[in-house]
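Residue numbers (this note's numbering): 729 to 1419.
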């Protein structure tokens, strides 16, 4: 097909909404390559360069010449709002089939049958869906003209965001006709990843690779081990920075904590995580400069584009240099100068280690799942596996997902149950897991080297991506201070000691129920037997009260009086209604006096009676050793009894030192309500994060 340069430029201007927009270096070459049916192309260009315009404009030109639709595979469908809006301005009809729009699947399939779709967007996980493969894809394959694989580094074992379901794409690509137009895009492919992609996408793969330098970014690393210091630094510096930005955290909890602190300091900030319901609304608020900063996990990542972002700050060091380059590169795309600051803290190594260790199932987890399936010839559902193995639901799902994606696979899904096949798990599986674990450790060490730099930060990042760092220019910006104001550190301590954490009540018994208490599973807990929303004073081991709680349990073997006063103040702010009229606590046979001593001192300060009405009948393993809700409930089942003679028929404060799964508090509240107590208000000193 003949390429139409003027039409392509017109589409670019429609998509950008700018009448004087021009193609960036390499953009038009890539569009022309795809339209004219050149060799398969791997496009490696930095975030914000405009890779999506290449495939949207190429698709529109191809459709106008009478070809079939394009199939776009991306892990970021929920985060492609900006790109899809640009495509719609160009008249490109994009539809998607994803897990969150099942109600639209039939309509999408009908549009495909009528050839009304220009681009079908799917996530890689769709290729694991039997209906999509056998019905939708089978029909689409007859006339699809263009295949786009977005974030193609996910195919590679060496890619920083390896996605297991991309392995299915690898198998599909190998069956495609060699003349089918194929475009693979990524911002973060080093030489090793590109060699891997050549193996998968074909030896005739042509590579277009752009400049990695970002001359508008001033990069800086600041080591502030304590969270209190970083909170203080943010409160002092964010108001002074020009424009709006993103503050990245490694965990959901830290995103909420940092956002709450900044709000307390009068700074317009919002938490943005994978659990946030109004993500689109918050993205738009940042785009419209209605918030100073979004405090985000990696949920705000690839696919979000605000060209005039003034700063990207990391509250902790990310997992790898590649992750960091991609995230910090969101700042300053259309500015002369912007800040990229990494604040490094002591907890980041522990968090990174957790993510590395949990990336693959352990041999023990695989053995437990295989053994359970061997004992069930008709197969087991995930719910049934939860009652059979002591593995969390997330870990079970990860294990069966990875095993089922092996070729040949040792397990398959029949209906709603997983069954063993005649195939044994290949040793390649464990070799790949070991290789990638070593790679992640190397990336972690490389990131630690970056943290120690005093200069040449951009050069370091470019070398890590196998680029050429010789032409790096720096913006005209001063370095930011490396220490926070001492008075703000004190304010951060006071803030953390005034905050508390909400504990939502459990509302449904898990699969398996509690046989000893004669409670069936998978049924709702009646409201009259359910705990009320509770409170935790802090997070275990964290700044504020967390360190003091930890010291009281394991060093002093008594909780300090200041924790009693802190809980009195918490209750004064909380003001549960109807107010508790007495106090009881969760019993323990390992530490029989620790919690009762604290609960009794708290009751005295509140002017309420204290009654030990709950008793432990036998030793059970610690709850933190139980990995899922079914196992956690069974671990409590039958182990608690109520002494009815001292139970009061009025609202009660139920005290414990640590809460993790909340099932012990749930069962205790159920017992108290079943024996005639009033509403049960749980109070824990700390929420733990054993998983």
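Ideal placement from N, C-alpha and C gives every residue a C-beta, glycine not left out.
Mind checking residue 1062: buried by the 16 CB within 10 Å criterion, or exposed? exposed
Can you give me the start and stop residues for the beta strand (DSSP E) that residue 937 sits inside? Per DSSP, residue 937 is one residue of the beta strand (DSSP E) stretching across 934-937.
Find the nearest neighbour of residue 1014 within the set 826, 979, 1366 and 971, judged by alpha-carbon distance. 971
To test your reading of the DSSP string, which unbroken alpha helix (DSSP H) runs of 4 or more residues are found completely within the region 829-898? 833-841
Assuming contact is defined by CB atoms lying nearer than 7 angstroms, are residue 1404 and residue 1379 in contact in what I supplied? no
Measuring from the CB of residue 1171, is there a heavy atom of the ligand HEM at a distance below 6 angstroms? Questions concerning the ligand HEM fall outside what the structure shown contains, since it holds no ligand whatsoever.
Which of helix, strand or coil DSSP assigns to residue 942: Of the three classes helix, strand and coil, the one that applies to residue 942 here is coil, per DSSP.
Is it true that the CB of residue 1389 sits closer than 7 angstroms to the CB of residue 1360? yes
Measure the C-alpha to C-alpha separation of residue 870 and residue 901 and round it to an integer number of angstroms. 15 angstroms
Whose C-beta lies closer than 7 angstroms to the C-beta of residue 1157 among residues of the same chain, with five residues either side of it excluded? Once the five neighbours on either side are set aside, the close Cβ partners of residue 1157 are 1134.
Inter-stretch contact (C-beta, 8 angstroms, three-pair minimum) for the region 1297-1309 and the region 1340-1352: no
Please classify residue 1418 as buried or exposed, where buried requires at least 16 neighbouring CB atoms within 10 angstroms. For residue 1418, the pLDDT reaches just 40, beneath the cut-off of 50, and the residue's location in the model is therefore unreliable, although a value from the coordinates is still provided. With fewer than 16 other Cβ atoms within 10 Å, it is exposed.
Cα-Cα separation between residue 818 and residue 929, rounded to whole angstroms: 29 angstroms
Where DSSP assigns a beta bridge to residue 1333, which residues make up the other side? Residue 1333 pairs with nothing; no bridge assigned.
Residue nearest to residue 911 in terms of C-alpha spacing, selected from 1201, 765 and 1152: 765
Using 10 angstroms around the beta-carbon of residue 1054, count the other beta-carbons present and answer buried if the total reaches 16, otherwise exposed. buried
Alpha carbon of residue 1338 to alpha carbon of residue 1377, nearest angstrom: Going from the Cα of residue 1338 to the Cα of residue 1377 covers about 14 angstroms.
Beta-carbon proximity of residue 1039 to residue 1067, cut-off 7 angstroms: Going by C-beta atoms, residue 1039 is nearer than 7 angstroms to residue 1067.
To the nearest angstrom, report how far apart residue 1247 and residue 1241 are at their CA atoms. 5 angstroms
Do residue 783 and residue 876 have their beta-carbon atoms positioned less than 7 angstroms apart in this structure? The criterion of a C-beta distance shorter than 7 angstroms is satisfied by residue 876 and residue 783.
Alpha-carbon to alpha-carbon, residue 1125 and residue 1341: Using only the alpha carbons, I get a separation of about 40 angstroms.
Could you give the first and the last residue of the continuous beta strand (DSSP E) run that contains residue 1039? 1039-1042
Helix, strand or coil: how does DSSP classify residue 1420 here? Lying before the first or after the last residue shown, residue 1420 is absent from the chain, which here runs from 729 to 1419.
Near residue 1111, what residues of its chain come up, given a Cβ to Cβ distance below 7 angstroms and the 5 sequence neighbours on each side ignored? Same-chain partners within the cutoff: 1239.
Rounded distance between the beta-carbons of residue 1396 and residue 1382, thought under 8 angstroms: 6 angstroms
May I ask you to report which of helix, strand or coil DSSP gives residue 729? coil
What does a CB cutoff of less than 6 angstroms around residue 1413 pick up in its chain, not counting 5 residues either side in sequence? The beta carbon of residue 1413 sits closer than 6 angstroms to the beta carbons of 1265, 1277 and 1385 from its chain, once the five residues preceding and following it are set aside; these are given in chain order.
Report the three-state DSSP secondary structure of residue 1366 (helix, strand or coil). coil
Residue 960 - DSSP class collapsed to helix/strand/coil: helix
Put residue 1086 into one of helix, strand or coil per three-state DSSP. coil
Go through its chain and collect everything with a Cβ distance to residue 903's Cβ below 6 angstroms, but skip five positions before and after it. None.
Assuming contact is defined by CB atoms lying nearer than 7 angstroms, are residue 872 and residue 769 in contact in what I supplied? At a Cβ-Cβ threshold of 7 angstroms, residue 872 and residue 769 do not count as neighbours.
Can you list, in chain order, the stretches of the beta strand (DSSP E) that have 3 or more residues and sit fully within the region 1120-1153? Qualifying beta strand (DSSP E) stretches, in chain order: 1139-1142 and 1145-1148.
Give, in chain order, every unbroken run of the beta strand (DSSP E) that is at least 3 residues long and sits entirely within the region 961-994. 973-976
Please list the terminal residues of the continuous alpha helix (DSSP H) segment that includes residue 1062. Counting along the chain, residue 1062 sits inside no alpha helix (DSSP H), nor does DSSP assign it H or E at all.
Decide if residue 998 is buried, meaning its Cβ has at least 16 other Cβ atoms within 10 Å, or exposed. buried
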